[in-house]
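First comes the structure, then the notes that go with it.
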Amino acid sequence: MGIAAQHISKQFGGFVALDDVDLDVPSGELTALLGPSGGGKSTLLRIIGGLEEADTGSVVIDGTDSTGVPAQRRNVGFVFQHYAAFKHLSVFRNVAFGLEIRKRPKAEIRARVTELLELVHLDQFADRLPSQLSGGQRQRMALARALAVEPKVLLLDEPFGALDAQVRKELRDWLRRLHDEVHVTTVFVTHDQEEALEVSDSLVVINHGRIEQVGSPNELYDNPRNEFVMSFLGPVTQLNGAMVRPHDIEILTADALGSVEATVTRIQRIGFEVRAELQGGASQPWVQLTRGQAEALDLDVGSVVWLRPASHASTLLPVG
Amino acid sequence: MPSQLVRSRKARWSLRYLAIAYVAVLVVVPVGMVFGRAINQGGQAFVDAMTSPDSLHAFQLTAIVAGSAVVINTVFGIVVALLLARYRFPGKRLLNVIIDLPISVSPIVVGLALILVFGFRTGWFGPTLRNAGFQVIFATPGMILATSFVALPLVVRELLPVLQETGLDQEQAARSLGATALQRFRRITVPTIKWALAYGVVLSIARCIGEFGAVRVVSGNVTGKTQTVTLLVDQHAEQFEGGAYQLSVVLILFAALCIVLISFIRPAGARR
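Here it is, written out as structure tokens:
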């Protein structure tokens, strides 16, 4: 069940968007496709939704082979970055669209749309036009519209990409809660690692048309398979030739086993966070501390300290 | 007003008078003269001009020719605008350029070109069509062709920017919600383009009814047979017959009606 995409390849002209990709999305989960722009994640989502055709490979949705089935018969909910609101229809008619196409009885449509508008907190806006809504409201409407047809899977393409930071954060929490209520198999594309880590049950990192790693957010953060996954999921610095997260470096005031001597070259405070840049042997690591930690160590430019990876730290030796 | 581009009072007034004089000399005075003559000749002359068999036939033929050309160009315009806005294909840029050609080519040239292709003695298709019992040149089909030709870009050029600006998102959303191509066209595309379409159609109607040059060449200009209102006005004027001014007044009033319609449609279109 869920979604199984196998051996998917896709080229645009000479550009390889996807190169023999296999993706399994477990039923009922919220999966994030994460990667840089142009990495192929949106293309993969559009192929699953039938909006794009793969050059090779097959897509099985909920146990039904959907390869070659046109989008309108896949029963897949799709949410677009720029909302794709039907501008000439009211919020109510937007959400009712899929049901009207399916020629459901009027009373049933009314009941279902009302229920969905309550779910996305837009019940007061039923008669408005999309142009009278804010970006966040439009995207919630788009979500209700996609859910109205009771899709087998819900696909979201950078759903919060066009919204400002504050609204994005709100909608993220809201999507997480909504998914806990509705439990529809959901795949969403994002290039924002924080969003992916925060919202998803499982994470698929895609780059250059290939899947780099699949796993739970914590698995990927703690045990990245390669440099790309490690640096894409969070901040990375180098200590003694190894890649390590800057908050996973211990600062000691005396030499200890496995530590490197370093001198503080710069200290920067960003809100509750302190960043210390250091010069240690051949590398210039930076360390992320809390304000309290920095004060306890009495760090200043010119201080000499010893650095070592914390005991739980994941480190990675860069290739080449 | 500080926002005005030209600050000098003198310059502003002289520009204003220049513009008014220009429009007066070119438009108001000549059109006014036509009205004046028509009114001077009295009500009976007007009634006669409207009800003579030649006039009635010319009105009828104009309606048929312009009506058909508008319908053809509307269908063609929608199809080509969708094609240009939504698909990539070899020759797209060339097609885009060719569509504008009819506006820039003189209608007389268009008429001659059509005779070269459809003329029944020496044309490419002419003899074949004639043997099949179908006459194009010196008959209604040729006049419809010529009129369609000169008004070709009007609908396309109105629709294309709207379609390009709207993009494919709504279509794709409708597709994922289960709408077939026909349902998407009816429920999404038509409501999106309806004002631009109305504007293009009104423009086409005005252009088609006023067409003279190309139609004159391909029609043969036979009174009571292949004479549209514009051709009849020309004949009346050339031969100092009555009716030219009265028919002109009708043409002017119709054009004015179109302009009023357009000005109603345009702000509605811009508001969206």
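Protein sequence lines correspond, in order, to chains S and X.
Per my numbering, the first sequence runs over residues -13 to 306.
Per my numbering, the second sequence runs over residues 684 to 955.
Every residue gets a Cβ at the ideal spot worked out from N, C-alpha and C, and that includes glycine.
With contacts defined by Cβ atoms closer than 9 Å, Leu219 (chain S) and Tyr207 (chain S) form a contacting pair. When the five nearest sequence neighbours on each side are left out, the beta carbons in the same chain lying within less than 7 Å of the beta carbon of Glu15 (chain S) are those of Thr171, Asp187 and Ser188, in order along the chain. Within chain X, no C-beta atom comes less than 9 Å from the C-beta of Phe(-2) (chain S); the nearest is roughly 11 Å away.
Taking 3 residues as the minimum length, the beta strand (DSSP E) runs contained wholly in the stretch 11 to 88 of chain S are 16 to 20, 42 to 47 and 62 to 65, in order along the chain. In this structure, the CA atom of Gly26 (chain S) is about 60 Å from the CA atom of Gly816 (chain X). Judged by their CB atoms, Ile(-6) (chain S) and Thr42 (chain S) are nearer to each other than the 9 Å cut-off. Using a Cβ-Cβ cut-off of 8 Å, Thr875 (chain X) is close to Lys73 and His74 of chain S, given in chain order. Here Thr872 (chain X) is near Leu765 (chain X), since their CB atoms are less than 9 Å apart. Under the Cβ criterion of 9 Å, Gln847 (chain X) is not counted among the residues facing chain S. With distances taken between CA atoms, Asp48 (chain S) lies nearest to S:Ile(-11) out of S:Ile(-11), S:Thr251 and S:Asn193.
DSSP places Arg804 (chain X) in the coil class of the three-state scheme, outside both helix and strand.
Between the alpha carbons of Asn779 (chain X) and Leu767 (chain X) lies a gap of roughly 8 Å. For the stretch 857 to 890 of chain X, residues whose beta-carbon sits nearer than 9 Å to a beta-carbon of chain S comprise Ala857, Arg858, Ser859, Leu860, Gly861, Ala862, Thr863, Ala864, Gln866, Arg867, Arg870, Ile871, Pro874, Thr875 and Lys877. Pro56 (chain S) has a beta carbon lying within less than 9 Å of a beta carbon in chain X. The DSSP assignment places complete beta strand (DSSP E) segments of no fewer than 3 residues inside the stretch 164 to 251 of chain S at 171 to 176, 188 to 193, 196 to 201, 223 to 225, 228 to 230 and 235 to 238, in order along the chain. Taking a C-beta distance under 9 Å as the contact criterion, Ala71 (chain S) and Leu119 (chain S) qualify as a contact pair. Taking the beta carbon of Ala70 (chain S) as reference, the chain X residues within 8 Å of it are Asp852, Gln853, Gln855 and Ala856, listed in sequence order. Contact between Leu133 (chain S) and Gly63 (chain S) is confirmed by a C-beta separation of about 6 Å, below the 8 Å threshold. Using a 10 angstroms sphere on the CB of Asp143 (chain S), the tally of other CB atoms reaches 16 or more, which defines it as buried. With a threshold of 9 Å between beta carbons, Ile87 (chain S) makes contact with chain X.
Counting only the Cα atoms, Gly903 (chain X) lies some 13 Å from Phe803 (chain X). If you draw a straight line from the Cα of Asn814 (chain X) to the Cα of Thr830 (chain X), it is about 25 Å long. Listed by position along chain X, the residues whose Cβ is nearer than 9 Å to that of Arg98 (chain S) form an empty set, because the closest Cβ is around 13 Å away. Taking CB atoms only, Phe66 (chain S) has a neighbour in chain X less than 9 Å away.
DSSP places Arg261 (chain S) in the uninterrupted beta strand (DSSP E) bounded by Glu259 to Gln265. Under the 10 Å beta carbon count, Gly21 (chain S) is surrounded by 16 or more other beta carbons and is classified as buried. Taking every protein chain shown into account, the CB of Ala296 (chain S) has fewer than 16 other CB atoms within 10 angstroms, so this residue is exposed. Where Thr276 (chain S) is concerned, there is no enclosing alpha helix (DSSP H), although the beta strand (DSSP E) around it starts and stops at Trp272 to Thr276. Between Gly794 (chain X) and Gly896 (chain X), the beta carbon gap of about 6 Å places them in contact (Cβ cut-off 8 Å).
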